[in-house]
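Note that the working numbering has the sequence shown beginning at 30, numbered continuously upward.
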Amino acid sequence: MLPPSPCQPPFQRSVKTVRQLAEMPDDRRRVLLRNLSDEQYRDILNVLAGMPDLQLSAHCEVSATHHLLCCQTLPPALPLNLY
């Protein structure tokens, strides 16, 4: 196996969600976003810290007597816990 190229970080760029970016170790996240200035990087961290982590729960029932489909969702908003 070849060693990683000096132009690329030694890890996969497989970040697909904001949550993955937020939970990434700071040193790896900084390498991934190395093209940003320090001020831009801090802005990204501030935005990530303010984004909620939504986990939706749905409950659906069919009322046979009224021929209705009733659904209820409960979206608790949790912070992404960057720090």
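Yeah, the Cβ is synthetic: ideal placement off N, Cα and C, and Gly gets one too.
Query, Result
"Through-space distance from residue 101 to residue 90, alpha-carbon basis", "9 Å"
"Environment of residue 51 [buried if 16+ CB atoms lie within 10 Å]", "buried"
"Other residues of its chain near residue 46: CB distance less than 7 Å, five sequence neighbours each side excluded", "none"
"For residue 61 and residue 68, the rounded distance between their alpha carbons", "15 Å"
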